[in-house]
Amino acid sequence: MPESTPQKMTGAQAIVRSLEELGADVVFGLPGGAVLPLYDPIYSSEKLRHVLVRHEQGAGHAATGYAQATGKVGVCIATSGPGATNLVTPLADANLDSVPIVAITGQVGHTLLGTDAFQEADIRGITMPVTKHNFMITDANQIPAAIAEAFHLASTGRPGPVLVDIPKDIQNSEMEFVWPPELNLPGYKPTTTPHPRQIEEAVRMISEAKQPVFYIGGGVIKADAHKELLEFVEYTGIPVVTTLMGLGSFPDSHPLHLGMPGMHGSVSAVGAMQRSDLLITIGARFDDRVTGDVDSFAPDAQVIHADIDPAEISKIREAQVPIVGDAREVLAALLDAYKRLDVPRPQITEWTAYTAGLKSNFPRGWDEPSDGKISPQYVINTLSKIAGPDAVYAAGVGQHQMWSAQFVDFENPRTWLNSGGAGTMGYSIPAAMGAKAGCPDKEVWAIDGDGCFQMTNQELTTCAVEGFPIKVALINNGNLGMVRQWQTLFYEGRYSNTKLRPQDEYIPDFVGLSEAMGCEAIRVTKTEDVIPAIEKARSINDRPVVIDFIVGEDAQVWPMVAQGKSNSDIEYALGLRPLFDEDSAGEPPAVIDRVVDDNAFDAAKRGGHGFGHRSDPGGAAPGPADSRAAGHHTAAYNAAHAEKGK
Numbered sequence: 001m002p003e004s005t006p007q008k009m010t011g012a013q014a015i016v017r018s019l020e021e022l023g024a025d026v027v028f029g030l031p032g033g034a035v036l037p038l039y040d041p042i043y044s045s046e047k048l049r050h051v052l053v054r055h056e057q058g059a060g061h062a063a064t065g066y067a068q069a070t071g072k073v074g075v076c077i078a079t080s081g082p083g084a085t086n087l088v089t090p091l092a093d094a095n096l097d098s099v100p101i102v103a104i105t106g107q108v109g110h111t112l113l114g115t116d117a118f119q120e121a122d123i124r125g126i127t128m129p130v131t132k133h134n135f136m137i138t139d140a141n142q143i144p145a146a147i148a149e150a151f152h153l154a155s156t157g158r159p160g161p162v163l164v165d166i167p168k169d170i171q172n173s174e175m176e177f178v179w180p181p182e183l184n185l186p187g188y189k190p191t192t193t194p195h196p197r198q199i200e201e202a203v204r205m206i207s208e209a210k211q212p213v214f215y216i217g218g219g220v221i222k223a224d225a226h227k228e229l230l231e232f233v234e235y236t237g238i239p240v241v242t243t244l245m246g247l248g249s250f251p252d253s254h255p256l257h258l259g260m261p262g263m264h265g266s267v268s269a270v271g272a273m274q275r276s277d278l279l280i281t282i283g284a285r286f287d288d289r290v291t292g293d294v295d296s297f298a299p300d301a302q303v304i305h306a307d308i309d310p311a312e313i314s315k316i317r318e319a320q321v322p323i324v325g326d327a328r329e330v331l332a333a334l335l336d337a338y339k340r341l342d343v344p345r346p347q348i349t350e351w352t353a354y355t356a357g358l359k360s361n362f363p364r365g366w367d368e369p370s371d372g373k374i375s376p377q378y379v380i381n382t383l384s385k386i387a388g389p390d391a392v393y394a395a396g397v398g399q400h401q402m403w404s405a406q407f408v409d410f411e412n413p414r415t416w417l418n419s420g421g422a423g424t425m426g427y428s429i430p431a432a433m434g435a436k437a438g439c440p441d442k443e444v445w446a447i448d449g450d451g452c453f454q455m456t457n458q459e460l461t462t463c464a465v466e467g468f469p470i471k472v473a474l475i476n477n478g479n480l481g482m483v484r485q486w487q488t489l490f491y492e493g494r495y496s497n498t499k500l501r502p503q504d505e506y507i508p509d510f511v512g513l514s515e516a517m518g519c520e521a522i523r524v525t526k527t528e529d530v531i532p533a534i535e536k537a538r539s540i541n542d543r544p545v546v547i548d549f550i551v552g553e554d555a556q557v558w559p560m561v562a563q564g565k566s567n568s569d570i571e572y573a574l575g576l577r578p579l580f581d582e583d584s585a586g587e588p589p590a591v592i593d594r595v596v597d598d599n600a601f602d603a604a605k606r607g608g609h610g611f612g613h614r615s616d617p618g619g620a621a622p623g624p625a626d627s628r629a630a631g632h633h634t635a636a637y638n639a640a641h642a643e644k645g646k
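For the sequence shown, the tail end lands on 646 under the UniProt record's numbering, and the numbers increase by one without skipping.
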């Protein structure tokens, strides 16, 4: 692209013009003194839509939600001092989840730097540990290149957040605008094309493997590699697990999909990884929530690890075949090499039968709350059935996040937004707002807990005023649910500071609060009202809708691997440990089977659903279920022992 004729303008005008040239269409921000010069040209821009948030944290998470849903760079703006520091949590969140956002912050005049001037904060120094890169502009002529470099850095290689700090007097300075600017990023050359020799070695290992598993992370979504993944998986016939950040990269409905691994993953995913002899890792980073005790994680597996970030390879688990490259190019190269070299496909009929057995014998399910209230898992599973796989779901952090990962059926990439690495409470509402801003034609649901909701619900006012009709499924158990679960399991039920409201009192009244912020609001206390409430919410598209689902406080997230424990000790439900092998079992088979039989018998006496009702993968109408014992029968353990003896 030839350079444009230089145009005289202010630094602030150059910021807006640079954003326009880079294709930005929506920015989220809140004005203040140090960034006021920038807001004047924003007022005149015909290409930028500015969304006025109610808190800078909301701007940061909205930019993240926008980026995750669209694949484009999200942009947020804040003033100096407290405005800028309110972006620190969203920046840290985006950094851990590798999300491309650019934060533009105002700063005190450059002659005042270091004087403790009003609203001065060293935001560049503060954010160095939680950004991919950041800039301090000292000359208005640097602005076009800095903004362009920020977008390039944020969106290439391993994506991440970039901050550009611009003093107020620099924004007011005259400069000559030339586009495109020359980028000056010496040493920054991400490797995207994998080395052919490593690809060939990986193909050889895959061909010879007897119990291989694809371990797929969020890098596949960021690289838009879902089609290449599906093609290679179907060519090889190898089972797939997708991490919390990778959900949607491979269809949940596919027979080779085993679910999510990790602390609250499926038995089939965790069990397959523990028994595997080869982990084909694409765009994942061996996070502690996936591995559990690292020393006992997948003990017999060799590792092929492909990642765009070389620093991740062998950081946690040594890779026998390290591959640096873009996930889409890696997967395409693997398939090409397989066909070109005429390598035999792996002979894994017995292995896939075993993993399919795990999936069948240990399906997802839940207990009905003992207090007779609505099951939160039922709410989320029902929402998934009704809204479908084309909707976008943004979760907060805690139990409702894990239930969403378990009970929403993900078929497409960029339909699942969550704070996976940082675990940021308050993420859901602003992230859903950002997703709706970027994808106005999509149905967007925020699945939030009452703890998370009270941190950022003010952005519902933004949604109402700006015309973003998001839907909110508020899972209201009156507690900090995940903390309460841990206190139940590990602290003898000593519930220290986890109750958010008195029993059976609506404090705050989320229906009244939501209505005051311009939303339609519905309270649901009975299971039979869940479906009508969801259908009503879907029919309203002129304002946000909040459904306050009053659920049981004792519902827990299962399966579970306790922190620091081996994945071989995964519990399908409390005290029920699937037996992958004798040495890893927490209880002998006879004890487990008796527990299962007793539960099934008790359920039958109560007229419960004992053996088997769950979310039907065939698409049957969802219903409440008591499925602690679902699929737990002696055959499951016999199958595991039979496979071990082969």
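Think of the CB as a built atom: it goes at the ideal place given N, C-alpha and C, for glycine as much as any other residue. Computed from a predicted model, the values in this text were never measured in an experiment.
By the 10 Å Cβ neighbour count, where 16 or more other Cβ atoms means buried, how is E329 classified, buried or exposed?
buried
Grouping DSSP H, G and I as helix and E and B as strand, with all else coil, what is G449?
strand
Tell me which same chain residues have a C-beta within less than 7 Å of the C-beta of F601, skipping the five on either side of it?
Low per-residue confidence applies at F601: pLDDT is 27, beneath 50, and the placement is therefore not dependable, though the value from the model is reported in the following sentence. If we look at F601 and ignore the five residues flanking it on each side, it has no Cβ neighbours.
Whole angstroms are fine: how far does the CA of G365 sit from the CA of P559?
9 Å
Residue from K189, G420, R204, K210 with nearest C-alpha to D287:
G420
Between Q399 and V178, what straight-line distance do the alpha-carbon atoms span, to the nearest angstrom?
51 Å
Where in the region 515–573 do unbroken runs of the beta strand (DSSP E), each at least 3 residues long, occur, reported from the N-terminal end onward?
520–524, 545–550
Would D307 pass as a contact of I316 if the rule is Cβ separation under 7 Å?
no
Count Cβ pairs between the region 284–299 and the region 323–338 that sit closer than 8 Å; are there 3 or more?
no
Pairwise C-alpha distance: L91 and T131:
6 Å
By the DSSP assignment, the alpha helix (DSSP H) with R328 in it spans what residues?
327–340
Could you tell me whether the Cβ atoms of S268 and G259 are closer together than 7 Å?
yes
Below 8 Å, can you find three or more Cβ-Cβ pairs linking the region 244–255 to the region 523–542?
no
When you compare the CB positions of V35 and G106, do they come within less than 7 Å of one another, or not?
yes
Have a look at E46, F490, T191 and flag the residue whose alpha-carbon is nearest the alpha-carbon of E20.
E46
Under three-state DSSP, which class holds Y188?
coil
Taking only the alpha-carbon atoms, compute the straight-line gap between Q377 and S404 and give it to the nearest angstrom.
8 Å
Contact under 7 Å by Cβ, P239 with T355:
yes
Relative to the C-alpha of L341, which candidate in V557, R197, A150 has its C-alpha closest?
R197
Just to check my reading of the structure: I77 and V27 have Cβ atoms closer than 8 Å, yes? What is that Cβ distance to the nearest angstrom?
6 Å
Please identify the residue among P544, N497, H195 whose C-alpha is closest to the C-alpha of A464.
P544
Going by Cα to Cα distance, which pick from S276, H50, I123, G157 is closest to P310?
G157
Could you work out which residue in G575, D554, M245, L417 is closest to I447 when comparing CA atoms only?
L417
Sequence ranges, beta strand (DSSP E) only - wholly within the region 441–495, length at least 3:
444–449, 471–476
Give the C-beta separation of T461 and M517 to the nearest angstrom, bearing in mind that I take them to be a contact with Cβ-Cβ under 8 Å.
4 Å
What separation, rounded to the nearest whole angstrom, lies between the Cα atoms of P37 and N172?
6 Å
Rounded to whole angstroms, how far is the Cβ of I282 from the Cβ of G219, which I believe are closer than 8 Å?
7 Å
With 16 other Cβ atoms within 10 Å as the buried cut-off, status of V294:
exposed
Run through the UniProt domain "Thiamine pyrophosphate enzyme central" (199–334) for me and flag every whole beta strand (DSSP E) of 3 or more residues, listed as ranges in chain order.
212–216, 240–242, 278–282, 302–307, 321–324
The alpha helix (DSSP H) that contains D169, what's its start and end?
168–172
Three-state class that DSSP yields for H195 in the structure shown:
coil
G552 beta carbon less than 7 Å from that of D371:
yes
The alpha helix (DSSP H) with F135 in it runs from where to where?
Taken as a continuous stretch (DSSP letters only), F135 belongs to no alpha helix (DSSP H), being part of the beta strand (DSSP E) at 133–136.
Any beta strand (DSSP E) of 3 or more consecutive residues that is wholly inside the region 99–183:
101–107, 133–136, 162–167, 174–177
Helix, strand or coil: which one does DSSP assign to Y393?
strand
F135 beta carbon less than 7 Å from that of V164:
yes
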